[in-house]
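In our numbering, the protein residues as written are 10 to 720.
Think of the CB as a built atom: it goes at the ideal place given N, C-alpha and C, for glycine as much as any other residue.
Note that the coordinates shown come from a computational prediction; the quantities given were computed from them, not determined experimentally.
Report on the structure given below.
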């Protein structure tokens with residue numbers, strides 16, 4: 010009877026080893042991305058076709074430096090590799106090492122050897138090694154390291170056929186690929202305690218795995234409470250003889266002592282070229298003055314690309330959604346179902362698709378920089394500064410990208426391995442002013458600052474505009490500092506990063522990365538965005554029956570008395586029905602709470618509807634003030650300027666009210682799409698709820714303070 014369980018090969022290796030590139034070459038589009046159970050660490054699983062009749066399941070594990078983990082990614086790898094009963098526990102391992110940095114990459118290789126997996130060692134970047142003049146004795150390496158070796162080039166595909174042949178062979182006869190472990194230096198104390206563990210737990214039948222259990226049992230959820238208790242007792246009983254931290258250090262040093270001479274014997278430089286291209290480029294891009302300048306210029310270009318390049322495809326999407334909506338409205342009979350389809354579902358679909366160009370452009374450019382080898386340098390340069398705020402060097406990319414759109418910026422935090430630093434980055438990134446706030450800023454700044462010149466050069470309104478962006482940056486860093494003090498974690502932050510050789514990017518890898526990110530957003534976050542869009546449509550379309558009837562009658566009477574045109578009558582009807590809807594009632598319900606901020610019920614409606622997206626504020630104001638669906642900010646601004654309080658006769662949009670509303674939109678989480686993505690990235694509703702509450706509280710208190718002081 011044929012066993013239906015797939016043969017699993019795990020791809021293991023250090024970050025920047027070429028492992029993910031190899032995974033893409035072997036699986037192509039036959040892969041899917043998810044999360045390991047119970048955590049937000051990404052899991053890539055694919056199918057590699059070895060021949061017409063043979064295929065295997067391939068798992069691309071997160072990049073790992075050691076089986077003594079310092080990050081959540083490494084802890085997940087340990088939990089799978091050290092648990093023989095895990096559903097993702099591989100039957101064999103293909104270990105990928107960068108031949109240009111082989112000494113750094115063999116620590117994990119020798120650790121995996123000791124776990125007894127059938128193994129193949131893949132030496133990547135072989136083409137770069139040849140260009141750099143390295144002479145690699147593969148046969149000698151193979152003999153001394155105790156595992157079959159195949160040299161590949163991810164760029165040219167060299168060695169890929171040979172690797173597939175080895176993978177097919179390892180599936181047929183895995184026992185012939187069992188390695189001869191290099192590390193055998195277990196102390197008498199280690200042998201004693203692992204032997205004790207083996208007697209206590211029958212599954213503990215591998216000496217090195219037993220040691221890993223003893224070192225990390227508190228962080229291994231697969232151990233049952235009974236087994237965890239047994240392991241803990243053995244660890245405590247022998248603590249005086251064996252100190253885990255000292256044992257890890259000794260093990261690491263001994264492993265390096267074993268494989269370093271092997272590398273030196275097998276790899277020789279044909280030419281003595283100390284000043285490589287990478288060295289010459291790094292002298293400029295990692296300079297303490299020029300380095301940050303170059304980085305910010307690159308980020309400015311990325312920001313500009315997201316902001317400008319995406320406008321054309323976004324316009325196409327908007328026009329396509331508008332055309333689809335018009336087609337449905339003209340084809341289907343008038344009624345609530347047609348309105349639901351056009352204003353709810355199709356509009357919600359547009360709210361998902363409209364962000365795809367920005368997401369695709371961001372990840373295309375970031376992936377290019379990653380492939381070239383630059384992003385590792387940027388992380389290194391800014392890590393020390395970011396650490397002061399509880400962030401990570403990689404956080405700088407998300408924060409700058411947030412100036413275009415928080416959605417791709419939040420998704421870009423997947424490169425941050427430390428969970429606490431990633432979470433803080435996710436929580437504070439929406440405080441950076443995004444492009445969706447621009448229409449709101451344009452409408453309201455005119456009420457706050459006159460259009461005059463400052464120092465004869467600068468426009469005063471432009472300076473305030475820039476000030477709002479700076480305010481968002483300061484708020485983000487301040488909030489990060491507070492979160493860093495509040496959030497507690499046992500995960501320590503280390504900057505362990507390899508600075509790879511500069512190389513030309515592989516467009517295939519870039520394309521796969523963009524495809525995965527767009528697909529993830531469209532499917533996962535899109536579902537939530539669509540649901541919330543429909544809910545908001547219901548709130549803005551329906552209301553108490555009597556109120557809606559009275560609103561329609563009032564609109565008809567006013568239109569008849571004033572002899573309004575058909576379009577003006579339609580605008581008036583939309584305004585009155587919005588006021589009578591559940592959203593309108595909610596705006597009036599919250600008016601006592603927002604009145605201290607200088608807001609009335611009309612602004613309250615805009616606050617509710619603009620939760621779909623901040624820029625909806627402008628369209629809502631156009632509807633409320635009966636000027637149709639225009640997006641002309643200046644026409645709306647002119648109408649708002651005429652608005653007066655019905656009792657006092659004073660203008661509604663004074664400097665105090667306008668500045669209060671500006672600050673509210675600087676800090677408030679008025680974007681359901683971002684919340685949906687945060688839920689997707691954190692795998693929980695807890696954090697988006699906390700994010701919504703803390704940002705709303707910050708917005709409310711700052712608006713309250715400013716309005717009360719100025720009024």
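*Hey, quick one: how far does the beta strand (DSSP E) through residue 143 stretch, first residue to last?*
Working through the chain shown from its first residue, we reach residue 143 at position 134. Run containing residue 143: 143-145, per the beta strand (DSSP E) assignment.
*Indicate whether residue 380 and residue 519 have their beta-carbon atoms separated by less than 8 Å.*
Here residue 380 corresponds to residue number 371 of the chain shown, with the count starting at 1. Here residue 519 corresponds to residue number 510 of the chain shown, with the count starting at 1. In this structure, residue 519 lies closer than 8 Å to residue 380 by Cβ.
*With distances taken Cα to Cα, identify the nearest neighbour of residue 421 among 432, 406 and 429.*
In the chain shown, the residue the question calls residue 421 occupies position 412. Comparing Cα-Cα distances from residue 421 to each of 432, 406 and 429, the minimum goes to 406.
*For residue 308, does the count of other Cβ atoms within 10 angstroms reach 16, so buried, or fall short, so exposed?*
In the chain shown, the residue the question calls residue 308 occupies position 299. It counts as buried.
*Cβ atoms of residue 168 and residue 135: under 8 Å apart, would you say?*
By one-based count along the chain shown, residue 135 stands at place 126. By one-based count along the chain shown, residue 168 stands at place 159. Cβ atoms of residue 135 and residue 168: closer than 8 Å.
*Report all residues from its chain with a CB closer than 7 Å to the CB of residue 77; omit the five preceding and five following residues, and keep chain order.*
Indexing the chain shown from 1 puts residue 77 at position 68. If we look at residue 77 and ignore the five residues flanking it on each side, its Cβ neighbours are 224 and 257.
*To which residues of the same chain is residue 214 closer than 8 Å at the C-beta, ignoring the five residues directly before and after it?*
Sequence index remark: in the chain shown, residue 214 carries index 205 (1-based). For residue 214, where only same-chain residues beyond five positions count, the Cβ hits under 8 Å are 207.
*Where DSSP assigns a beta bridge to residue 68, which residues make up the other side?*
Position 59 of the chain shown, counting from 1, holds the residue named residue 68. Bridge partners of residue 68: 19 and 54.
*Should residue 437 go down as buried or exposed, given a rule of 16 or more other Cβ atoms within 10 Å for buried?*
Residue 437 sits at position 428 when you count from the first residue of the chain shown. With 16 or more other Cβ atoms within 10 Å, it is buried.
*Can you tell me whether DSSP reads residue 604 as helix, strand or coil?*
As a first step, residue 604 is located in the chain shown; it is residue number 595 there, counting from the start. Residue 604 falls in the helix class under three-state DSSP.
_Inter-residue spacing [alpha-carbon to alpha-carbon] between residue 707 and residue 670_ = As a working mapping, residue 707 is identified with position 698 in the chain shown. As a working mapping, residue 670 is identified with position 661 in the chain shown. If I take the Cα positions, the gap works out to 13 Å.
*Within 8 Å, strictly: CB atoms of residue 585 and residue 602*: In the chain shown, counting from the first residue as 1, residue 585 sits at position 576. In the chain shown, counting from the first residue as 1, residue 602 sits at position 593. Their beta carbons are not under 8 Å apart, which means residue 585 does not touch residue 602 by this criterion.
*asked:* Here's the rule: buried if 16 or more other CB atoms are within 10 angstroms of the residue's CB, otherwise exposed. What is residue 14?
replied: Your numbering for residue 14 matches position 5 in the chain shown. Burial call: exposed.
*Just tell me which of 91, 137, 434 and 335 has its CA closest to the CA of residue 487.*
Here residue 487 corresponds to residue number 478 of the chain shown, with the count starting at 1. Comparing Cα positions, the closest option is 434.
*In angstroms with no decimal places, state the Cα-to-Cα distance between residue 327 and residue 391.*
Within the chain shown, the letter at position 318 stands for residue 327. Within the chain shown, the letter at position 382 stands for residue 391. Between residue 327 and residue 391, the C-alpha separation is close to 38 Å.
*CB residue 432 to CB residue 696, shorter than 8 Å?*
Here residue 432 refers to the residue found at position 423 of the chain shown. Here residue 696 refers to the residue found at position 687 of the chain shown. Closer than 8 Å, so yes.
*Would you decide whether residue 304 is buried or exposed? Buried here means 16 or more other CB atoms lie within 10 Å of its CB.*
Reading the chain shown from its first residue, position 295 is the one you call residue 304. Classification for residue 304: buried.
*Near residue 591, what residues of its chain come up, given a Cβ to Cβ distance below 7 Å and the 5 sequence neighbours on each side ignored?*
Counted from its first residue, the chain shown places residue 591 at position 582. Within the same chain, residue 591 has close Cβ partners 548, 551 and 552.
*Round the Cβ separation of residue 191 and residue 119 to the nearest angstrom and send it over; I've been treating them as touching at under 8 Å.*
As a first step, residue 191 must be located in the chain shown, where it is residue number 182. As a first step, residue 119 must be located in the chain shown, where it is residue number 110. About 5 Å separates the two Cβ atoms, so the contact holds.
_Proximity below 8 Å, CB of residue 180 to CB of residue 32_ = In the chain shown, counting from the first residue as 1, residue 180 sits at position 171. In the chain shown, counting from the first residue as 1, residue 32 sits at position 23. At least 8 Å separates the beta-carbon of residue 180 from that of residue 32.
*asked:* Quick check: the Cα distance between residue 243 and residue 220, rounded to an integer number of angstroms?
replied: Start at 1 with the first residue of the chain shown, and residue 243 comes out as number 234. Start at 1 with the first residue of the chain shown, and residue 220 comes out as number 211. Roughly 11 Å between the two C-alpha positions.
_Rounded to the nearest angstrom, what separates residue 319 and residue 366 at their Cα positions?_
What you label residue 319 is simply residue 310 of the chain shown in a count that begins at 1. What you label residue 366 is simply residue 357 of the chain shown in a count that begins at 1. Approximately 5 Å, taken between the alpha carbons.
*By how many angstroms is the C-alpha of residue 620 removed from the C-alpha of residue 682?*
Translated into the one-based positions of the chain shown, residue 682 becomes position 673. Translated into the one-based positions of the chain shown, residue 620 becomes position 611. C-alpha separation (whole angstroms): 9 Å.
*How far does the alpha helix (DSSP H) with residue 217 in it reach, from first residue to last?*
Walking along the chain shown from the start, residue 217 turns up at place 208. Looking at the DSSP string, the run of the alpha helix (DSSP H) that includes residue 217 is 216-225.
*asked:* Under 8 Å, with one C-beta from each stretch per pair, do the stretch 259-277 and the stretch 121-135 reach the 3-pair mark?
replied: No, because fewer than three Cβ pairs between the stretch 259-277 and the stretch 121-135 fall closer than 8 Å, the two stretches do not touch.
*Per DSSP, what kind of secondary structure is residue 523 in: helix, strand or coil?*
Looking up residue 523 in the chain shown gives position 514. Looking at residue 523 - three-state DSSP - the assignment turns out to be helix.
*asked:* Which residue wins for smallest C-alpha separation from residue 700, given the options 536, 439, 63 and 611?
replied: For this step, residue 700 is matched to residue 691 along the chain shown. The option with the nearest alpha carbon to residue 700 is 439.
*Could you check what DSSP says for residue 160 in three-state terms: helix, strand or coil?*
Start at 1 with the first residue of the chain shown, and residue 160 comes out as number 151. Here residue 160 sits in strand by DSSP.
_residue 194 classed as buried or exposed, judged by whether at least 16 other C-beta atoms fall within 10 angstroms_ = Position 185 of the chain shown, counted from the first residue, corresponds to residue 194. Under this definition residue 194 is an exposed residue.
_I need the boundaries of the beta strand (DSSP E) containing residue 128, first residue and last residue._
On the chain shown, position 119 is the one that residue 128 refers to. Start and end: 128-133.
_Buried versus exposed, by CB contacts within 10 Å (16 or more), residue 182_ = One-based indexing of the chain shown puts residue 182 at position 173. With fewer than 16 Cβ atoms within 10 Å of its Cβ, residue 182 is classed as exposed.
_Output needed for residue 582: all residues of its chain with C-beta closer than 7 Å, excluding positions within five of it in sequence on either side, in chain order._
Indexing the chain shown from 1 puts residue 582 at position 573. Taken in chain order, the residues that qualify are 561 and 564.
*Pull up the distance between the alpha-carbon of residue 330 and that of residue 623, whole angstroms please.*
For this step, residue 330 is matched to residue 321 along the chain shown. For this step, residue 623 is matched to residue 614 along the chain shown. In a straight line, the C-alpha of residue 330 is about 19 Å away from that of residue 623.
*Which residue or residues does DSSP assign as beta-bridge partners of residue 2?*
This structure cannot settle anything about residue 2, because the visible part of the chain is limited to 10 through 720.
*residue 571 lies in the alpha helix (DSSP H); which residues open and close that run?*
Start at 1 with the first residue of the chain shown, and residue 571 comes out as number 562. 554-571 is the span of the alpha helix (DSSP H), which, as asked, contains residue 571.
*residue 151 and residue 158: beta carbons closer than 8 Å?*
As a first step, residue 151 is located in the chain shown; it is residue number 142 there, counting from the start. As a first step, residue 158 is located in the chain shown; it is residue number 149 there, counting from the start. Going by C-beta atoms, residue 151 is nearer than 8 Å to residue 158.
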